[in-house]
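Heads up, the thing below is written out as structure tokens.
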Ligand code: SF4
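In my numbering, the protein residues as written are 173 to 553.
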């Protein structure tokens, strides 16, 4: 398995720059992240766009193509949640084994001649085993911050603690993380999406909710045969790296209080562990979003894949300050008055008519950790 690229960084660097760099963004970076054009003030968040994990994953994918120009190359899933980047990889002849870009090739069709790239979110243990069994060459671009979460939940499992993962149970990263727990014979996990779901666990722990209700509401997002009476005696908190950090901290505190109420503060170490695994790139972008909101823009546009978890949380934060719209690219600006966008709490994109709000003179912009500068720059233009 290749985990550190192929030493071809210098050869692909200019190609990546050519694909994703934006002169508009370069200009704003050099000018204190702001500009005024014909009375319209443009504000750019101070942290946005490709994070270190995405930089690495994209770099390794380009290096892989360069290293193996004549071999079939596959991704187990989207390398990152950005349609433009995934489309570019498809144009480079990289095929997908799952998801909306899935080709007709299945795992069973893979041969030892094939190269398979694991995305920045990582891949489930059993998926990697399947690839190994096919004899493929594996290029692992899993972000170090994701591996950090894996180490944490593996330790919980080894020590007999159930991992309570604040995340989205269908998200590739959380699927991979929970698979790490499932490697251990007595490894247990339960995934909670938000405070409401965490409250269910707290209510069970403090005796105000039945095991049946917990199983009914969260059984689909828990380890097989999840038994609240057995599995919520010792819990360790972790989170998908891209969740809303303030909510992750609140969930950890909710569970800490519930455990303290049930077992007493003196015994807390025996029953509760917590470790904030939000990655620094996510935290920096969320902090920068708050800072942008404090500048009081009348409108904020957040650019990123609709399936990008970290982008949707940026929109959630932006909406605390002013009308905020999540778009994937400039193509979502359908006309001067209509915009295709996705509300952070809704599953599907929708079209807003009568957009934008009346005469904004100060607009804020940002992009998720998987959004290329080019996509944000095109929207600003
Ligand atoms: S958002 Fe964080 S965990 Fe995800 S790829 Fe970027 S740096 Fe890594």
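Positions of the beta carbon are idealized from the N, C-alpha and C atoms, including for glycine.
Neighbour-count burial assignment, residue 570, 16 or more Cβ in a 10 Å radius: Any question about residue 570 goes unanswered here, given that the chain covers just 173 to 553.
Any residue with its C-beta under 6 angstroms from a non-hydrogen atom of ligand 1 counts. Can you list them all in chain order?
223, 224, 225, 226, 292, 315, 317, 318, 413, 414, 451, 453, 454, 482, 541
Can you tell me where the alpha helix (DSSP H) holding residue 216 begins and where it ends? It is not in any alpha helix (DSSP H) - residue 216 instead sits in the beta strand (DSSP E) that spans 212–216.
- Query: Helix, strand or coil: which one does DSSP assign to residue 521?
  - Reply: coil
How big is the Cα-Cα spacing for residue 554 and residue 299? The displayed coordinates of the chain run from 173 to 553. Any statement about residue 554 would go beyond what the structure contains.
Please report how far the alpha carbon of residue 270 lies from the alpha carbon of residue 211, in whole angstroms. 47 angstroms
Residue 221 versus residue 539: straight-line alpha-carbon distance, rounded
5 angstroms
Exercise. What is the DSSP secondary structure of residue 178, counted as helix, strand or coil?
Worked result: coil
inquiry  = Does residue 537 come out as helix, strand or coil in the three-state DSSP assignment?
reply    = strand
* Asked: So is the beta-carbon of residue 465 under 7 angstroms away from any non-hydrogen atom of ligand 3?
  -> Summarising the ligand content, the structure contains ligand 1 and does not contain ligand 3.
Query raised in the report: Under the DSSP definition of a beta bridge, which residues are partnered with residue 498?
Result: 474
Short of 6 angstroms in beta carbon distance, which residues of its chain neighbour residue 240, apart from the five on each side in sequence? Order them along the chain.
287
Taking the straight line between their C-alpha atoms, what separation do you get for residue 335 and residue 293?
18 angstroms
Nearest-angstrom Cα distance between residue 372 and residue 386?
-> 6 angstroms
Please tell me whether residue 489 and residue 411 are closer than 8 angstroms, where the distance is taken between their beta carbons. no
Exercise. Have a look at residue 486 and residue 194 and give me their C-alpha separation to the nearest angstrom.
Key: 21 angstroms
Name the DSSP bridge partner or partners of residue 338? 364, 411
Please classify residue 544 as buried or exposed, where buried requires at least 16 neighbouring CB atoms within 10 angstroms.
buried
What separation, rounded to the nearest whole angstrom, lies between the Cα atoms of residue 498 and residue 436?
44 angstroms
Checklist entry - Do residue 470 and residue 548 have their C-beta atoms closer together than 8 angstroms? => result no
- Query: Who does residue 509 pair with in a DSSP beta bridge?
  - Reply: Answer is none; residue 509 lacks a bridge partner.
* **Span of the beta strand (DSSP E) around residue 312** => 309–312
| 8 angstroms Cβ cutoff met for residue 257 and residue 188 | no
Distance between residue 184 and residue 414 (C-alpha atoms, nearest Å): 28 angstroms
Under the assumption that residue 245 contacts residue 291 (Cβ atoms under 8 angstroms), give the Cβ distance between them as a whole number of angstroms. In fact, because the Cβ distance is near 13 angstroms, the residues do not count as touching under 8 angstroms.
Report task. Rank 396, 389, 501 by C-alpha distance to the C-alpha of residue 351 and give the top, closest one. Result -> 396
Residue(s) in a DSSP beta bridge with residue 437:
Answer is none; residue 437 lacks a bridge partner.
Spell out whether any CB of chain E is found under 8 angstroms from the CB atom of residue 522. Considering every chain present, this structure includes no chain E. It has just one protein chain.
- Item | Cut-off 7 angstroms between Cβ atoms - residues of its own chain near residue 405, not counting five sequence neighbours on either side | 443
Residue 578 to residue 205, Cα distance in whole Å? Examination of residue 578 is not possible in this model, given that the chain is present from 173 through 553 alone.
At what residues does the beta strand (DSSP E) containing residue 460 begin and finish? From DSSP, residue 460 is part of no beta strand (DSSP E) but of the alpha helix (DSSP H) over 452–466.
With respect to the alpha helix (DSSP H) encompassing residue 351, which residues constitute its N-terminal and C-terminal limits? 344–354
Given a cut-off of 8 angstroms on the beta-carbon distance, is the pair residue 224 and residue 313 in contact? no
Bridge-paired residues (DSSP) for residue 267: 246
Exercise for review: Answer yes if the segment 354–364 comes into contact with the segment 301–315, meaning at least three C-beta pairs across the two stretches below 8 angstroms, and no otherwise.
Suggested key: no
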